[in-house]
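Undergrad:
There are 2 protein chains.
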Amino acid sequence: MELRTLRYFVAVAEELHFSRAAARLGISQPPLSQQIKALEEELGGRLLVRTNRRVALTAAGTLFLDEAREVLARAERASRLVSRLGRGESGQLRIGFTTSVPLTSLLPRTLMHYRQRYPDVDLRMHELNSQRQITPLLEGDLDIGIMRRATLPPELSAFTLIREPLVAVVNAQSELGASDTPLSLAELATQPFVYFSPAAGTGLLDQFNVLFAQRGLTPRLVQEVGGPNTIISLVASGLGVSLLPESFRHIHIDNVRYRPISDADARSEVWLTHARHPLTPQAQHFIQLVREAIAD
Amino acid sequence: MELRTLRYFVAVAEELHFSRAAARLGISQPPLSQQIKALEEELGGRLLVRTNRRVALTAAGTLFLDEAREVLARAERASRLVSRLGRGESGQLRIGFTTSVPLTSLLPRTLMHYRQRYPDVDLRMHELNSQRQITPLLEGDLDIGIMRRATLPPELSAFTLIREPLVAVVNAQSELGASDTPLSLAELATQPFVYFSPAAGTGLLDQFNVLFAQRGLTPRLVQEVGGPNTIISLVASGLGVSLLPESFRHIHIDNVRYRPISDADARSEVWLTHARHPLTPQAQHFIQLVREAIAD
DNA sequence: TCGTAATGATATGCATAGCGTATCAAAAAC
DNA sequence: GTTTTTGATACGCTATGCATATCATTACGA
Numbered sequence: 001m002e003l004r005t006l007r008y009f010v011a012v013a014e015e016l017h018f019s020r021a022a023a024r025l026g027i028s029q030p031p032l033s034q035q036i037k038a039l040e041e042e043l044g045g046r047l048l049v050r051t052n053r054r055v056a057l058t059a060a061g062t063l064f065l066d067e068a069r070e071v072l073a074r075a076e077r078a079s080r081l082v083s084r085l086g087r088g089e090s091g092q093l094r095i096g097f098t099t100s101v102p103l104t105s106l107l108p109r110t111l112m113h114y115r116q117r118y119p120d121v122d123l124r125m126h127e128l129n130s131q132r133q134i135t136p137l138l139e140g141d142l143d144i145g146i147m148r149r150a151t152l153p154p155e156l157s158a159f160t161l162i163r164e165p166l167v168a169v170v171n172a173q174s175e176l177g178a179s180d181t182p183l184s185l186a187e188l189a190t191q192p193f194v195y196f197s198p199a200a201g202t203g204l205l206d207q208f209n210v211l212f213a214q215r216g217l218t219p220r221l222v223q224e225v226g227g228p229n230t231i232i233s234l235v236a237s238g239l240g241v242s243l244l245p246e247s248f249r250h251i252h253i254d255n256v257r258y259r260p261i262s263d264a265d266a267r268s269e270v271w272l273t274h275a276r277h278p279l280t281p282q283a284q285h286f287i288q289l290v291r292e293a294i295a296d
Numbered sequence: 001m002e003l004r005t006l007r008y009f010v011a012v013a014e015e016l017h018f019s020r021a022a023a024r025l026g027i028s029q030p031p032l033s034q035q036i037k038a039l040e041e042e043l044g045g046r047l048l049v050r051t052n053r054r055v056a057l058t059a060a061g062t063l064f065l066d067e068a069r070e071v072l073a074r075a076e077r078a079s080r081l082v083s084r085l086g087r088g089e090s091g092q093l094r095i096g097f098t099t100s101v102p103l104t105s106l107l108p109r110t111l112m113h114y115r116q117r118y119p120d121v122d123l124r125m126h127e128l129n130s131q132r133q134i135t136p137l138l139e140g141d142l143d144i145g146i147m148r149r150a151t152l153p154p155e156l157s158a159f160t161l162i163r164e165p166l167v168a169v170v171n172a173q174s175e176l177g178a179s180d181t182p183l184s185l186a187e188l189a190t191q192p193f194v195y196f197s198p199a200a201g202t203g204l205l206d207q208f209n210v211l212f213a214q215r216g217l218t219p220r221l222v223q224e225v226g227g228p229n230t231i232i233s234l235v236a237s238g239l240g241v242s243l244l245p246e247s248f249r250h251i252h253i254d255n256v257r258y259r260p261i262s263d264a265d266a267r268s269e270v271w272l273t274h275a276r277h278p279l280t281p282q283a284q285h286f287i288q289l290v291r292e293a294i295a296d
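Going down the list, the sequences are from chains A and B. Taking UniProt numbering, the leading residue of the first sequence gets 1, the next gets one more, and so forth. Taking UniProt numbering, the leading residue of the second sequence gets 1, the next gets one more, and so forth.
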């Protein structure tokens, strides 16, 4: 017994006429008669009484009509559900992102596009620092991670979404806050620094260390903090200077001034990271949209 | 998409191994791979991830596994239910019978056999006189009627189950009750009669009338009643004599004596009647059992 | 590091299931 | 009685699904 058999039977049972049913099914009448006959033989009893040029359902046929409709409807439903899920039109997409990412316009824009295009996908955003995204990505608890540049295990793959300049964060009342002209890292390094503690897990700290070490500079850290907002607040209070990606300029706090860095390599990257092999269709679509957004 | 496809997919999803699944299905591995591939193309998304010599389900595949199992189970159930019903192993059987029929051993015996053999058939017995069985039989409200010989419309078909002699029912205190020897109808007709009213609808009245008319006899009816038990009671009270099929001897009432009738044609028939064309399998089985019981 | 085993994918040929055309048989309608 | 309707039957063909042979990739062991 196959679904085709059920479709044929339902057609005959509804039309109560073999030729009309065959026309509706787009086949000719003889094979339809044969299939119904075979079905009756398989079930071991008559489903239809063909008498006096009139076709009628037996009790068994009436029952089978209900059952066959039910089976067909379930099969149809299964196909529809799985098709949508498999095409990435439903299901879920879990994205990890760092604090700084919402400040760039790329992510909010792409998320908006994605939600418009795939409104039935359950989008789950998890704010996690770069380090803390790695394990969930490896274990399949996150589909996509958006993070600052970091050292990744080989099972993860990444590409650059954004490459943005670093800017000095200085107190407007201080000596360095008197101007808006570019500063060199060497100049900045003369000042007391407020920066992330290693426990904050941000990829920015690595970039920070590398940049200064390459120049033989060792800035004096007066305060280690957990998040960028704290950094900016402490700079506002005059505790020291700092160095952050340009997108943090969007955070306006009294007494804080952002100055460009003259060093050409003072840049930070935002990465899109994912486990290497089996990307879900939802993740593929998201990445596709991100790439299109970058291309603009 | 066919049920076969679903069976194949379930096998692969359960084994997570194409070759083992193919072995379980009794086919070779290549066609299995092809069918799964075709299924994935039809649904428009991957159901399985074949990676690193390991097969795993995607989210869509996990959903489809549940759905496919459900569809297959429903199809299986439909097949089982309808098969039983179509084979006459379940469903119902509606039998009409007259008052006198339970007195013969044939019907109780056959019913017992039928219930043993087809315990899941809902057997509905309706006590109805011969006339009142005809309409339900014609309209499909009864499958089988068991009745005394009657004139039937051509849409009904019948055969004889029992042919039994008639016996005289006489009062033990009366002149005719003094002996057990055979009586002729002519002798009996000299006595006042207790018999069925036409409203009782029994086929016995027809037979009664025919028998006496053929002999030019017109017995004097002193009382018309509705049922055989009343006849016997009234005979017991001395109101008159009567004529009933032999099986009524099973009703023992004080002061009633049954005497054989010497006329060879003084016989009554019990018929099994049914609508001509589409007998339900349940009715066919019942008739089969009755015929076997008669053959013994 | 290289060879070997395991495993799914691909290529190709064949058998059969299912379809179409032609025709029959029975019954109803005129 | 003739014609029409309609499901069943006969028969040939095609396409689907299967088997055999082989390939490609990867993991594993020496």
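Note that beta-carbon positions come from the ideal geometry of N, C-alpha and C, so glycine has one too.
(1) Per DSSP, which residues does ASP122 of chain A bridge with? Please list them.
(2) So, using beta-carbon positions, are THR5 of chain A and GLN35 of chain A closer together than 8 Å?
(3) Can you list, in chain order, the residues of its chain whose CB lies under 7 Å from that of GLY45 of chain B, leaving out five sequence neighbours each side?
(4) To the nearest angstrom, how far is the alpha carbon of PHE18 of chain B from that of GLN29 of chain B?
(5) How many Å lie between ALA38 of chain B and PRO31 of chain B at the Cα?
(6) Measure the C-alpha to C-alpha separation of ALA199 of chain A and PRO153 of chain A and round it to an integer number of angstroms.
(7) Let's test the definition: count the other Cβ atoms within 10 Å of the Cβ of THR280 of chain B and tell me whether it reaches 16, buried, or not, exposed.
(8) What is the DSSP secondary structure of GLU40 of chain A, reduced to helix, strand or coil?
(9) Can the beta-carbon of GLU2 of chain A be found less than 8 Å from the beta-carbon of LEU3 of chain B?
(10) Quick check on this structure: which residue in A:PHE208, A:LEU221, A:GLY201, A:THR181 has the alpha carbon closest to the alpha carbon of THR190 of chain A?
(11) At 7 Å on the CB atoms, spell out the chain B contacts of GLY140 of chain A, in chain order.
(12) Could you please give the first and the last residue of the uninterrupted beta strand (DSSP E) stretch that includes PRO245 of chain A?
(13) Is it true that the CB of VAL49 of chain B sits closer than 8 Å to the CB of PRO278 of chain A?
(14) Helix, strand or coil: how does DSSP classify MET112 of chain B here?
(15) On a Cα-Cα basis, can you pick out the residue from A:ALA22, A:LEU16, A:GLU224, A:ARG257 that is closest to VAL55 of chain A?
(16) Please determine, among B:ARG124, B:GLU292, B:GLY201, the residue with the shortest C-alpha to C-alpha distance to GLN92 of chain B.
(17) How about the segment 170-181 of chain B and the segment 91-106 of chain B: do they share at least three Cβ pairs that are nearer than 8 Å?
(18) Evaluate contact between the segment 144-163 of chain A and the segment 222-241 of chain A, counting only Cβ atoms and requiring at least three cross-stretch pairs below 8 Å.
(19) Can you tell me whether HIS252 of chain A is buried or exposed? The criterion is at least 16 other CB atoms within 10 Å of its CB, across all chains shown.
(20) By alpha-carbon positions, which one of B:TYR118, B:GLY140, B:ASP66, B:ARG87 ends up nearest to GLY96 of chain B?
(21) May I ask you to report which of helix, strand or coil DSSP gives ARG24 of chain A?
(22) Taking 8 Å as the CB-CB cut-off, is LEU81 of chain A touching chain B?
(23) Going along the chain, which residues of its own chain have a beta-carbon closer than 8 Å to the beta-carbon of residue 309 of chain A, five neighbours each way excluded?
(24) Put THR273 of chain B into one of helix, strand or coil per three-state DSSP.
(25) Does DSSP classify ALA266 of chain A as helix, strand or coil?
(26) Would you mind giving the Cβ-Cβ distance between LEU243 of chain A and LEU188 of chain A, rounded to the nearest angstrom? I have them listed as a contact below 8 Å.
(27) Please work out which residues of its chain come closer than 8 Å, Cβ to Cβ, to GLY226 of chain B, disregarding the five sequence neighbours upstream and downstream, and give them in chain order.
(28) State the CB to CB distance for the pair PHE193 of chain A and VAL270 of chain A, rounded to an integer number of angstroms; the pair is presumed to be in contact (CB under 8 Å).
(29) Residues in the segment 35-67 of chain A with C-beta within 9 Å of chain B's C-beta atoms, listed in sequence order?
(30) Report yes if the C-beta distance between LEU138 of chain A and ALA275 of chain A is below 8 Å; otherwise report no.
(31) Hey, would you say ARG94 of chain A sits closer than 8 Å to ASP143 of chain A, going by beta carbons?
(32) Is there a Cβ of chain A sitting closer than 8 Å to that of VAL10 of chain B, yes or no?
(33) Would you kindly check if the distance between the Cβ of GLN133 of chain B and the Cβ of THR273 of chain B is under 8 Å?
(34) Starting from the C-beta of ALA172 of chain B, find all residues in its chain whose C-beta is less than 7 Å away, skip the five residues before and the five after it, and write them out in chain order.
(35) Let me check understanding here. Comparing Cα to Cα, which of B:ALA266, B:PRO136, B:ARG77, B:ASP122 lies closest to PHE286 of chain B?
(36) Near ALA78 of chain B, which residues of its chain fall below 8 Å by C-beta distance, leaving aside the five closest residues on each side in sequence?
TA: Taking the structure as given:
(1) A:GLN92
(2) yes
(3) ALA60
(4) CA-CA distance, PHE18 of chain B to GLN29 of chain B, rounds to 6 Å.
(5) 10 Å
(6) 19 Å
(7) Classification for THR280 of chain B: buried.
(8) helix
(9) yes
(10) A:LEU221
(11) Ordered by position in chain B, no residue passes the 7 Å Cβ test against GLY140 of chain A, which lies about 10 Å from the chain.
(12) 242-245
(13) Yes, they are a contact pair.
(14) helix
(15) VAL55 of chain A has its Cα closest to that of A:LEU16, out of A:ALA22, A:LEU16, A:GLU224, A:ARG257.
(16) Closest option to GLN92 of chain B, Cα to Cα, is B:ARG124.
(17) no
(18) Because the criterion of three Cβ pairs below 8 Å is not met, the segment 144-163 of chain A and the segment 222-241 of chain A do not touch.
(19) exposed
(20) Of the listed residues, the one whose Cα sits closest to GLY96 of chain B is B:GLY140.
(21) helix
(22) yes
(23) Chain A is shown from 1 up to 296; residue 309 of chain A falls before or after that span and cannot be answered.
(24) strand
(25) coil
(26) 7 Å between Cβ atoms; contact.
(27) Excluding sequence neighbours, GLY226 of chain B sits near PHE196, SER197, ALA199, ALA200.
(28) Their Cβ separation, rounded to whole angstroms, is 23 Å, which puts PHE193 of chain A and VAL270 of chain A out of contact at 8 Å.
(29) From the segment 35-67 of chain A, only GLU40, GLU42, LEU43, GLY44, GLY45, ARG46, LEU47, VAL49, THR51, ASN52, ALA56, THR58, ALA59, ALA60, GLY61, LEU63, PHE64, ASP66, GLU67 have a Cβ closer than 9 Å to chain B.
(30) yes
(31) yes
(32) no
(33) yes
(34) ASN255, VAL256, ARG257.
(35) B:ASP122
(36) none
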